[in-house]
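So that you can map any letter, position 341 of the sequence shown is 349 in my numbering, and since no number is skipped, the others follow by simple counting.
Even for Gly, the Cβ is constructed at its ideal location relative to N, Cα and C.
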Amino acid sequence: GDGTMDNKEFDDSPVGLFDHTIIMDEFDKKSGFNAQLTAETIRATNMWMAATNALYAGVHICSNSELADEPSYVNSIDKAAAFWIGTHKDPDSSEGGSLYAWSNRIDEKFAELSGSDFDANVKILEGLNAMQSEFADCLGSSNATEKEDMAYKMRVHADDVARYMTVPLVQSLIHSLAIAVDSPASIDEADRVILYALVALPQIRICDKNAYNGLYDMLVTNAKSAAGIDLSKALGMLQDRYVCLGITCEEVGLPDFIAEASRPTCVNPPENILIVGYNGTSDMLLDTALTDLDVRAIGTLVEMEANNAAMDIYKWGRYSKDDDISFGYSTIKDLTTDLYSNDQNFVSKDYITKYGDNFQDEIIINAIQGTGDFESVSPRSRRVATEAAIVTVVLHIYA
């Protein structure tokens, strides 16, 4: 709907209470209370979101280290680890109610694709340890430039950990969908499909609204009629949007509990992608081509009035990388401020002569934040202006 995030609703409740609303719906559903499913709902909503929120809270505190001096301060990376691991001790065990055990349980249902030895929990712990080290260095530094660099590194690791945490969500969605289609009379399995779709699909919306709408209609709106769901089509649509989730076919694994006829082959986009007839020579072309997802994500968030999140992607990046760097993102902010580095780019020289060297950055920031000339402009129009400024000015001149 229209309006700011504060005015938006989910299921007749404020959107900020999204996870609480799902849990209360599970408690109050007409089919009756199911203790196991309710616990699963709390784990996949409250606990999962609390863990990911703590990751990014750590990045925020690194940039605003005075927050660590408050009496109520608790190390955010410790919190993320506590939410994920709980009291779990055996790294190979799938017993217990922690997110760690849940991730192990669902991973056991998927076969490894050839050449893959991905383990979500192993990667999550590696990322948390890296963030903890960077966090300690950041809080111990008094140099503003160093702290900004450390916050950037923490942000990249937070994105990676959040993506690894997304893998068991997607696996759970696939598994529950397969069971629901085979057992269409099972209300609980249909409810599981709805649960995992509600938690996993919003991440797709910011980079592909049409795909999100199609999957939402199929897996949420029509989940109670699971017998009519085309399993192969649903899986294909989901797999094609793994790039929006930042995950790969190898990380999710092979759902060999689904009959081969209903199991489309999962294929990652080729790194040397063929783009509208252009066959590039770089084996990392895809990383740069994903800039269009950054543009779409920024625009979607602007229209949602999630201005801070949109600015975050503009400044820090989310999808696109540069084959000249081994860590982090190629951000639109970097492209915007680097337009004039090539002395042979006469297009950029003409722009800077007429408008000045920061005009494109100012336009984009004002359009995102609703400031300056965009102070009274609607979110929808600001989205159009933001995307147009990035595509027709920044990317055009940079190309």
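Asked                                                                                                                 : Found
Buried or exposed (CB count within 10 angstroms, at least 16 for buried), G325                                        : buried
Closest Cα partner of A2 within the set D190, E142, G222 and E370                                                     : Here the chain comprises residues numbered 9 to 407, so residue 2 is not present and cannot be evaluated.
Residue range of the unbroken alpha helix (DSSP H) whose run includes F91                                             : S84 to I93
Whole-angstrom distance between V303 and E120, CA atom to CA atom                                                     : 33 Å
Expected contact under 8 Å - CB spacing of T296 and S338 to nearest Å                                                 : 6 Å
D190 - containing alpha helix (DSSP H), residue span                                                                  : A152 to D190
Sub-8 Å separation of A3 and L177 beta-carbons                                                                        : No information on residue 3 is available, as it lies outside the stretch 9 to 407 that the chain covers here.
Span of the alpha helix (DSSP H) around M245                                                                          : L239 to D248
Top-ranked residue by Cα proximity to G380, from I371, S386 and V169                                                  : I371
L75 versus K161: straight-line alpha-carbon distance, rounded                                                         : 19 Å
Three-pair Cβ contact test at 8 Å for the region 105–118 versus the region 81–97                                      : yes
Residues of its chain near I318, where Cβ-Cβ distance is below 6 Å and the 5 sequence neighbours each way are ignored : Note that residue 318 corresponds to Ala in the displayed sequence, not to Ile. Closer than 6 Å at the Cβ level, and outside the excluded window around A318, lie I306, L309, V310 and I376.
Given T345 as reference, the closest of E258, L403 and P210 once Cα atoms are compared                                : L403
Backbone secondary structure at L45 - three-state DSSP                                                                : helix
For S73, the nearest candidate out of S150, N61 and R113 (CA to CA)                                                   : S150
DSSP-derived helix/strand/coil call for L262                                                                          : strand
Beta carbon of A52 nearer than 8 Å to that of L246                                                                    : no
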